[in-house]
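Peer 1: Residue numbers (my numbering): 749 to 964. We treat Cβ as the ideally placed atom computed from N, Cα and C, and that holds for glycine.
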Ligand code: AP5
């Protein structure tokens, strides 16, 4: 099974992608995570993209395509069971490039999931998001707080706030989503099954709905 999960920043793509990947043995491919890992490791790519991530703008289509090409190719054992793409594609050019890459390796998208969430809820979610520095588990100070303040329940790692979760950057990311990413939904509606999911529901209910929609 091969899925694409779309939605505005903070709509819950990462939270749900981790769960669906786990339940369906899919590879979770998040371009945001791959870019942040490159920044944290101080690689040449990381140095090139660091200020772009902090600004809330998009990294170039060429850079992310290279990351995707490597990710769908590598770890062959798991890729055979499929993947869930989170944060990619983000422009129509990326969606078209993905079609080409998948055609070259004989794969296709089974379903596209779109998480619909109000902008007001997004600002609140992102302002209260905390991420584990070590295992990358995602928390929320309001509705998914860690048991011990500032520490990850899973590995004990320190929780931190992402640089791009500041109010002015959140607004920029929402603008970028409206202008550059939302049009992809229409692109996919002409090609694949597109499921709109009410992302305003509690996390567990969103997961149940996605599981139902993607089927066996
Ligand atoms: P990326 O990491 O992809 O960020 P994003 O799309 O802005 O999405 P987020 O990770 O902020 O949110 P999410 O939807 O995953 O929500 P989450 O589950 O964490 O990209 C970051 C940057 O990298 C981009 O700005 C760009 O610069 C660059 N980039 C990445 N991909 C790129 C690409 N393809 N091309 C070019 N540039 C690229 O949830 C958020 C919070 O809400 C959490 O606290 C969570 O606990 C909580 N929450 C989740 N679900 C619910 C719910 N149902 N109810 C209540 N709270 C909830």
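Between the alpha carbons of residue 827 and residue 856, how many angstroms are there, rounded?
Peer 2: Bear in mind that a pLDDT of 47 at residue 827, under 50, signals an unreliable position, so the model cannot answer this.
Peer 1: Per DSSP, what kind of secondary structure is residue 755 in: helix, strand or coil?
Peer 2: Looking at residue 755 - three-state DSSP - the assignment turns out to be strand.
Peer 1: Determine whether the beta carbon atoms of residue 980 and residue 787 lie at a separation below 8 angstroms.
Peer 2: Because the chain in this structure spans residues 749 to 964, residue 980 falls outside the shown range and cannot be described.
Peer 1: Among 879, 811, 820, which has the Cα closest to the Cα of residue 852?
Peer 2: Cα-wise, what sits closest to residue 852 is 820.
Peer 1: Let me check you understand the geometry: is the CB of residue 836 closer than 7 angstroms to at least one non-hydrogen atom of the ligand AP5?
Peer 2: Residue 836 Cβ: within cutoff of the ligand AP5.
Peer 1: Note down, in chain order, each residue of its chain lying with its Cβ closer than 8 angstroms to the Cβ of residue 963, except the 5 sequence neighbours on either side.
Peer 2: Nothing listed; no residue qualifies.
Peer 1: Do three or more CB pairs link the stretch 905-922 to the stretch 874-885 at distances below 8 angstroms?
Peer 2: Touching, per the Cβ criterion.
Peer 1: Whole-angstrom Cβ separation of residue 845 and residue 809, contact assumed at under 8 angstroms?
Peer 2: With a Cβ gap of about 7 angstroms, residue 845 and residue 809 count as contacting.
Peer 1: May I ask which residues mark the beginning and end of the alpha helix (DSSP H) holding residue 952?
Peer 2: Run containing residue 952: 951-962, per the alpha helix (DSSP H) assignment.
Peer 1: Shortest alpha-carbon distance to residue 919 belongs to which of 751, 758, 954?
Peer 2: Closest by alpha carbon: 758.
Peer 1: May I ask which residues mark the beginning and end of the beta strand (DSSP E) holding residue 864?
Peer 2: Run containing residue 864: 859-864, per the beta strand (DSSP E) assignment.
Peer 1: Evaluate the contact criterion for the stretch 953-962 versus the stretch 837-844: three or more CB pairs, one atom per stretch, below 8 angstroms.
Peer 2: No, they do not touch.
Peer 1: Given the structure, does residue 888 come close to the ligand AP5, in the sense that its CB is under 7 angstroms from one of the ligand's heavy atoms?
Peer 2: The answer is yes for residue 888.
Peer 1: In this structure, how does DSSP classify residue 892 when only helix, strand and coil are distinguished?
Peer 2: Three-state DSSP puts residue 892 in a strand.
Peer 1: When every heavy atom of the ligand AP5 is checked, does at least one fall within less than 7 angstroms of the C-beta of residue 799?
Peer 2: For the ligand AP5, not one heavy atom lies less than 7 angstroms from the Cβ of residue 799.
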